[in-house]
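One line per chain: the protein sequences are A and B, in this order.
Residues 98 to 428, numbered by this note's numbering, are exactly what the first sequence covers, in order.
Residues -18 to 83, numbered by this note's numbering, are exactly what the second sequence covers, in order.
Even glycine gets a Cβ: it sits at the ideal position worked out from N, Cα and C.
Working notes, structure below.
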Amino acid sequence: MSLRKAIEEHPERRYIMFGGKGGLGKTTFSAATAFWLAQHGHKVLVFSVDPQASLSDIFQQDLFGKGPVKIVENLWAQEIDADQRVREYQDEIRRKILEMYGFDKVPDEIENYIQAASAEPAMEESAIFDAVVDIVVQGGYDYYIYDLVPLGHALYYLSMAKVYDEWIQKITKLREEMREYEEVVRVLRRSSMLEEDKILAELQYIRQRISTSSSILTDRRKTAFFFVLVPEEMVIIDTRKAAELFARFDVPIAGYVVNRVIPRELLGENIPEYLRNRIRMQEKYLAEIRSTFGNQVLAYVPELERDVTGLPMIERMAKIMFEDGAAQGGA
Amino acid sequence: MTHQQPVPTTQTEPQRPGGLRGLWEAFKELVYGMAAHDMTRAAIRTRASMEHLFILITMGDLLGVPILPPYYSLRILPYVVPQIATWKRRMLREKDLSDALF
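The structure is reproduced here in structure tokens:
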């Protein structure tokens, strides 16, 4: 199995995600995969859900908070500005309150609450979460590539969907029970129709958005989640743990990509002892990766002589990931 | 379970027609008063306490009890603006003997 096959043999896969510890190359792989798919005629959106996104850096273009920006033919990139989104959202709530009650200004107590709620750390994550739902619901692309946040955050993000969904389900139930009592009163008083419960409608809207998002994340047919790792002990341990957790949240893990493999051919050359040692260390951990993840490893990507930024380097990375035999299967 | 929340209904004020229909209306109200009024009151009361519970769950932050993720509670906020004052009073109020009576 190779990365190329993992994508070509599953044309129904629409959502591709790279996850892993910070700094291992998730953004690089997201960008390269998006680029490769775009080259093959698919309309692709690569977007970042990380507050410290680096798609701007890799494409060498300011993308932050600008919506989808066209990079090349068929390829769009987007970085979500969570702060801006929270601000717009607050304004929307204020506007709604003013309109509904005909106030000139939002009452102090309510305003304080709006401010305090927005200062919560979960607010930013929720805003990003909500933005992702917007992007996905809107549609219009063949592929969506999520440049995911580091593991801990990604897990939080995934678990949030589940927790939110359960919560809202409970609250909605309470609201529906309340509705039943209203109905009893209505019948007893023999009055006409009840007013529509706007709160219930709102809750159902929230629930529907959350379940859209979590159903995408856990859809075995449409979603492929790739783990990025490097041949180092700590990373292997963390990846194994994370893979277990992801499995518990029903996230379909499509395979593993090993990054930063120092080319073994260098051993035959006159290289310093330092580098020789690193290659030997990597060999040990590569063996461990093979025994742990086996044929689930879809590509071994070599350490390059420079960092991957700018389109020519992204193109080269795409070629390594999807076309070069060397990267496929064996190190 | 003391003060009652006004329950939004679309019931219009009954007019007082005269003659036979007036008698019929009066009879209907009498039957309602005897049979259904207490049930209605109980239902309204339960509904009101549930309303408070609902606001506690969604707007708990206002009392310092964060329960629903704030991003979503903000969506509900505009609809509960009128209830917030009475709700806070009720939640933070001390209970007394009259609670048992009414």
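For residue i, collect the residues of the same chain with a Cβ closer than 7 Å to its Cβ; drop the 5 residues on either side in sequence, then sort them by chain order.
i	result
A:Y238	K140, V141 and L142
B:Q(-14)	For B:Q(-14), the predicted model reports a pLDDT of 49, less than 50, meaning its position is unreliable; a value from the coordinates is still stated below. Contacts found: A29 and E32.
A:A351	A103, A321, F322 and F323
A:G427	With a pLDDT of only 46 at A:G427, under the threshold of 50, the placement of this residue in the model should not be trusted; the figure read from the coordinates follows. No residues qualify anywhere along the chain.
For residue i, count neighbouring C-beta atoms within 10 Å of its own C-beta (all shown protein chains included) and say buried if the count is 16 or more, exposed if not.
i	result
A:D147	buried
A:I334	exposed
B:A7	exposed
A:E176	buried
A:K267	exposed
B:W85	Since the displayed chain B opens at -18 and closes at 83, residue 85 of chain B lies outside it and no answer follows.
B:M20	exposed
A:Y278	buried
A:M275	buried
A:Y243	buried
A:V284	exposed
B:V12	exposed
B:S54	buried
A:K152	Before going on, a small fix: residue 152 of chain A reads as Leu here, not Lys. By the 10 Å Cβ count, A:L152 comes out buried.
A:Y397	buried
Could you name the residues of the same chain whose beta carbon sits closer than 6 Å to that of residue i, not counting the 5 residues immediately before and after it, in chain order?
i	result
A:A415	A129, F132 and W133
A:P399	V358 and P360
A:Q464	Given a span of 98 to 428 for chain A in the structure shown, any question on residue 464 of chain A remains unanswerable.
A:Y241	Y112 and L142
A:I104	none
A:G306	Sequence inspection shows Arg at residue 306 of chain A; the Gly mentioned does not correspond to that position. Excluding positions up to five away in sequence, the list reads V230.
A:G122	V325 and N356
Starting from the C-beta of residue i, find all residues in its chain whose C-beta is less than 8 Å away, skip the five residues before and the five after it, and write them out in chain order.
i	result
A:T309	V230, V233 and V234
B:V62	none
Where DSSP assigns a beta bridge to residue i, which residues make up the other side?
i	result
A:S145	A:E176 and A:D244
A:F323	A:F115 and A:G352
A:V394	A:Y353
A:V166	A:A174
A:F161	A:E176
A:V498	For residue 498 of chain A there is no data in the structure shown, the boundaries of chain A being 98 and 428.
If residue i sits next to residue j, beta carbons under 8 Å apart, how far is it from one beta carbon to the other, in whole angstroms?
i	j	result
A:I190	B:L58	6 Å
A:T315	A:V348	6 Å
B:R56	A:E299	6 Å
A:F64	A:L245	Chain A is shown only over 98 to 428; residue 64 of chain A falls outside these bounds and no answer can be derived.
A:L100	A:L401	Actually they are not in contact, since the Cβ atoms of A:L100 and A:L401 sit about 17 Å apart, beyond 8 Å.
A:T406	A:Q158	The Cβ separation is near 11 Å, so there is no contact.
A:M161	A:D178	The question names Met, yet the displayed sequence has Phe at residue 161 of chain A. Confirmed, about 6 Å.
A:S311	A:D262	6 Å
A:S256	A:F346	6 Å
### Message
Closer than 8 Å is the cut-off here; do at least three beta carbon pairs connect the region 161 to 169 of chain A with the region 204 to 221 of chain A?
### Response
no
### Query
Any contact of the region 31 to 41 of chain B with the region 188 to 196 of chain A, i.e. 3+ C-beta pairs under 8 Å?
no
### Message
For the pair the region 315 to 328 of chain A and the region 376 to 392 of chain A, tell me if three or more CB-CB distances fall below 8 Å.
### Response
yes
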